[in-house]
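A.B. asks:
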Amino acid sequence: MSDEHNGSYISDTDDAYSAIDIFDVDSNVIDIDEREWQPILLSSSLSIELEPAVAAVWGSALLVAQWLARDAPSEVRGKRVLELGAGTSLPSLASAAIGASLVLATDYDLSGREATQRAIDRNRALWNCSARDACHIAVQRLDWFAVLEPGYVVPFGSPFDVLLVCDCNYYTRSTPALVQTIRVHLGNGGRLVLASREGRNGLADCLRMLHEAEWICFEEACCFCAEPFSAEKIPYVFPAEADSGFAITGQAEASPRDLMWLFRRVPSA
49 MSDEHNGSYI
59 SDTDDAYSAI
69 DIFDVDSNVI
79 DIDEREWQPI
89 LLSSSLSIEL
99 EPAVAAVWGS
109 ALLVAQWLAR
119 DAPSEVRGKR
129 VLELGAGTSL
139 PSLASAAIGA
149 SLVLATDYDL
159 SGREATQRAI
169 DRNRALWNCS
179 ARDACHIAVQ
189 RLDWFAVLEP
199 GYVVPFGSPF
209 DVLLVCDCNY
219 YTRSTPALVQ
229 TIRVHLGNGG
239 RLVLASREGR
249 NGLADCLRML
259 HEAEWICFEE
269 ACCFCAEPFS
279 AEKIPYVFPA
289 EADSGFAITG
299 QAEASPRDLM
309 WLFRRVPSA
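Note that the sequence shown covers residues 49 to 317 in the working numbering.
(1) Hey, how far is the Cα of Ile96 from the Cα of Ala134?
(2) Taking the straight line between their C-alpha atoms, what separation do you get for Asp79 and Gln114?
(3) Could you pull the start and end residues of the alpha helix (DSSP H) that Arg170 belongs to?
(4) Helix, strand or coil: how does DSSP classify Trp309 here?
(5) Give the DSSP-derived three-state secondary structure of Thr136 in the structure shown.
(6) In the DSSP assignment, the beta strand (DSSP E) including Val151 goes from what residue to what residue?
(7) Which residue from Ala148, Arg125, Ala142 and Ser122 puts its Cα closest to that of Ile88?
(8) In chain order, what residues of the same chain have a beta carbon less than 8 Å from the beta carbon of Gln86, not counting five sequence neighbours either side?
(9) Evaluate the contact criterion for the segment 252-268 versus the segment 212-228: three or more CB pairs, one atom per stretch, below 8 Å.
(10) Quick one: residues in its chain with C-beta nearer than 8 Å to the C-beta of His184, no 5 flanking neighbours on either side, listed in chain order?
(11) Indicate the three-state DSSP secondary structure (helix, strand or coil) for Cys254 in the structure shown.
(12) So who's on the other strand from Ser208, going by DSSP bridges?
(13) Quick one: measure Cβ to Cβ for Ala109 and Asp215, integer angstroms, because I've assumed they're closer than 8 Å.
(14) In or out: Ala288 buried (at least 16 other Cβ within 10 Å) or exposed?
(15) Relative to the C-alpha of Glu131, which residue among Asp119, Leu116, Asp155 and Ala117 is closest?
(16) Using the three-state DSSP reduction, which class does Ala186 fall into: helix, strand or coil?
(17) Hey, Lys281 and Cys270: beta-carbon distance below 9 Å or not?
(18) Can you give the Cα-Cα distance for Ala173 and Glu260, rounded to whole angstroms?
(19) Considering only their Cβ atoms, is the gap separating Val213 from Glu123 smaller than 9 Å?
(20) Out of curiosity, what's the CA-to-CA distance linking Val195 and Val232?
(21) Looking at Leu258 and Phe311, is the spacing between their C-beta atoms short of 9 Å?
(22) Express the C-alpha separation of Asn171 and Ala153 in angstroms, rounding to a whole number.
(23) Relative to the C-alpha of Phe204, which candidate in Ser159, Asp119, Glu275 and Val129 has its C-alpha closest?
Put into structure tokens, the structure is as follows:
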């Protein structure tokens, strides 16, 4: 995943854009029904169609979407949900289908936002809206570094109840901007769902910064199993040394795992 997909830098060629731009896709380029779609089964009762030829669905994003649909619909139902570095936005689409009151999928990359808008249009029946303006799911451009600038305004007027951050920990240099973006957008008492493949370059720094922050507290960790699907709670300890990475108690696994950490925003912090 490139920096563009993570929303992790400001491009010199994008001066015409603000930090957040509502995106309107030109649906006349290729008719929505002429594209190649593939159903992604999230639960026995929920399937979402995506374009496999356009962008890959990252492992942690798929597993978080399945976790929400199968095990934890109450995490998003009736709540305001924001996804960072959304890519194909599968967790956002799942949240909308489950019954979130508002879902905002964000990414810096234009092609990702285009694919998300097409997926919104394709799966529109899942969130029961007859027109784009009436739909409670939207896609916008978000640059994490622009959040650091004075005068930044949170979209839709107030912070969110739930932040979904899946496989966004590729570059250590973008970690401070990512953590600040989480802080600015997560409301008091809100839930952060952070998921990643074990060993990503920026993951240890991200977890360490969240652990050291006074405004958020760690609640639990889970390890995903894809076949058959499960999200098993696991004991977790934060690293004691700056260069030690992060540690899961117990023996090291032979291959990287997809892991999820749940945090809660401390009220009024």
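The beta-carbon is built from N, C-alpha and C at its ideal position, and this holds for glycine as well.
C.D. replies: The relevant details are as follows:
(1) For this step, residue 96 is matched to residue 48 along the sequence shown. For this step, residue 134 is matched to residue 86 along the sequence shown. Looking at the two C-alpha atoms, the distance is approximately 15 Å.
(2) Against the sequence shown, residue 79 aligns to sequence position 31. Against the sequence shown, residue 114 aligns to sequence position 66. Its pLDDT being 49, under 50, Asp79 is placed unreliably in this model, and the coordinates cannot settle the point.
(3) By one-based count along the sequence shown, residue 170 stands at place 122. Leu158 to Arg170 is the extent of the alpha helix (DSSP H) around Arg170.
(4) Within the sequence shown, numbered from 1, the residue matching residue 309 stands at position 261. Looking at Trp309 - three-state DSSP - the assignment turns out to be strand.
(5) As a position in the sequence shown, residue 136 is number 88, starting the count at 1. Taken through DSSP and simplified to helix, strand or coil, Thr136 comes out as coil.
(6) Translated into positions along the sequence shown, residue 151 becomes position 103. First-last of the beta strand (DSSP E) with Val151: Leu150 to Asp155.
(7) Numbered from 1 along the sequence shown, position 40 holds the residue referred to as residue 88. When each option's Cα is compared against that of Ile88, the closest is Ala142.
(8) Residue numbering aside, residue 86 sits at position 38 when the sequence shown is read from its first letter. The answer, listed in chain order, is Glu97, Leu98, Glu99 and Pro100.
(9) Enough Cβ pairs lie closer than 8 Å, so yes.
(10) Translated into positions along the sequence shown, residue 184 becomes position 136. In the same chain as His184, and ignoring 5 residues on each side of it, the C-beta atoms closer than 8 Å to its own belong to Ala144, Ala148, Ser149, Leu150, Val151, Trp175 and Cys177, in chain order.
(11) Translated into the one-based positions of the sequence shown, residue 254 becomes position 206. Three-state result, Cys254: helix.
(12) Start at 1 with the first residue of the sequence shown, and residue 208 comes out as number 160. Correcting the residue identity first, residue 208 is Phe in this sequence and not Ser. Answer by DSSP bridge pairing, in chain order: Leu234.
(13) In the sequence shown, counting from the first residue as 1, residue 109 sits at position 61. In the sequence shown, counting from the first residue as 1, residue 215 sits at position 167. With a Cβ gap of about 6 Å, Ala109 and Asp215 count as contacting.
(14) The residue given as residue 288 occupies position 240 in the sequence shown. Its pLDDT being 46, under 50, Ala288 is placed unreliably in this model, and the value from its coordinates should be taken loosely. Note on Ala288: under 16 other CB atoms within 10 angstroms of its CB, so exposed under the neighbour-count rule.
(15) Taking the first residue of the sequence shown as 1, we reach residue 131 at position 83. Out of Asp119, Leu116, Asp155 and Ala117, Asp155 has the C-alpha closest to the C-alpha of Glu131.
(16) Position 138 of the sequence shown, counting from 1, holds the residue named residue 186. Ala186 sits in a strand when the DSSP states are folded into three classes.
(17) Counting from one through the sequence shown, the residue named residue 281 turns up at place 233. Counting from one through the sequence shown, the residue named residue 270 turns up at place 222. Lys281 places its beta carbon less than 9 Å from that of Cys270.
(18) Numbered from 1 along the sequence shown, position 125 holds the residue referred to as residue 173. Numbered from 1 along the sequence shown, position 212 holds the residue referred to as residue 260. The alpha-carbon atoms of Ala173 and Glu260 are separated by roughly 43 Å.
(19) Within the sequence shown, numbered from 1, the residue matching residue 123 stands at position 75. Within the sequence shown, numbered from 1, the residue matching residue 213 stands at position 165. Val213 sits away from Glu123, with the two beta carbons spaced by 9 Å or more.
(20) Along the sequence shown, one-based indexing puts residue 195 at 147. Along the sequence shown, one-based indexing puts residue 232 at 184. Going by the C-alpha atoms only, they are around 8 Å apart.
(21) Along the sequence shown, read from residue 1 onward, the residue named residue 311 stands at position 263. Along the sequence shown, read from residue 1 onward, the residue named residue 258 stands at position 210. Result yes, Cβ atoms of Phe311 and Leu258 sit closer than 9 Å.
(22) The sequence position of residue 153 within the sequence shown is 105, counting from 1. The sequence position of residue 171 within the sequence shown is 123, counting from 1. Cα-Cα distance, rounded: 15 Å.
(23) Taking the sequence shown and counting its residues from 1, one reaches residue 204 at position 156. That would be Val129, whose Cα lies nearest to the Cα of Phe204.
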